[in-house]
Amino acid sequence: MSDLNKLYKKTVLEHNRNPRNYGVPESWTHHSEGLNAVCGDLVHVYLTISEDCLQAVHYAGESCAISMASASLMTEFSTGMSVETWQKKFKLFKQLMDKNNDLQEIGGLGEINTLSTVKKFPSRIKSATLCWYAMAAAIDGIPNATTEN
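Just so you know, we're using UniProt numbering here: the sequence shown kicks off at 1 and counts up by one.
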């Protein structure tokens, strides 16, 4: 097993067992729901945005380990970023997760790069990306997200 595969398994298991920023916060400024109807993943993303900064990022929902771990990683990665920076990182993340390329790592994504291993299982890519699309939708004021973009 490659080092990236080992790190992926360790990261997904850790974030699934001990999710960061999980739960509905007392208050938020932006919200969106993402649903993957194929597998049943459901995620709600709650953001507190102030002065173009992601002050707080939370999520809740019912989904598989990959989806939960991706959301947990995303909240840690995103908190404190400017919205503009996050949107640039989201574009990089979409490139990383594109099944039509061989990228395993993109500079500036840190631990998020471990999710690239999901591309070995194309049907699971949407599980890993759903929360990211939900966060983008929340930023844009769209109540429901899709991974079809």
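All C-beta atoms in this analysis are idealised placements derived from N, C-alpha and C, irrespective of residue type, glycine included.
As the structure is a prediction and not an experimental result, all values here were calculated from the model.
How would you label residue i, buried or exposed, when you count the other beta carbons within 10 angstroms and need 16 or more for buried?
i: residue 45; result: buried
i: residue 153; result: Since the first residue shown for the chain is 1 and the last is 149, residue 153 is missing from the structure and cannot be characterised.
i: residue 41; result: buried
i: residue 50; result: exposed
i: residue 34; result: buried
i: residue 13; result: exposed
i: residue 113; result: buried
i: residue 101; result: exposed
i: residue 38; result: exposed
i: residue 188; result: A question about residue 188 goes unanswered here, because the residues of the chain that appear run from 1 up to 149.
Pull up the distance between the alpha-carbon of residue i and that of residue j, whole angstroms please.
i: residue 118; j: residue 97; result: 8 Å
i: residue 121; j: residue 28; result: 34 Å
i: residue 84; j: residue 52; result: 8 Å
i: residue 9; j: residue 58; result: 23 Å
i: residue 60; j: residue 47; result: 12 Å
i: residue 31; j: residue 63; result: 18 Å
i: residue 147; j: residue 116; result: 16 Å
i: residue 139; j: residue 71; result: 15 Å
i: residue 137; j: residue 18; result: 26 Å
i: residue 56; j: residue 23; result: 12 Å
i: residue 145; j: residue 54; result: 19 Å
i: residue 141; j: residue 135; result: 10 Å
Assuming the contact rule is C-beta atoms closer than 8 Å, residue i and residue j should be a hit. Round their C-beta distance to whole Å, please.
i: residue 76; j: residue 20; result: 5 Å
i: residue 92; j: residue 80; result: Not a contact, Cβ separation roughly 17 Å.
By the three-class DSSP mapping on this structure, what secondary structure does residue i have?
i: residue 96; result: helix
i: residue 55; result: strand
i: residue 14; result: helix
i: residue 112; result: helix
i: residue 146; result: coil
When you measure from the CB of residue i to every non-hydrogen atom of the ligand HEM, does any distance come out below 7 Å?
i: residue 103; result: Of the ligands one can find in the structure shown there are none, so the ligand HEM has no counterpart to examine.
Subject >> Cβ contact (3+ pairs, closer than 8 Å) linking the segment 63-74 and the segment 115-135 >> reply: Flag = yes, the segment 63-74 and the segment 115-135 touch.
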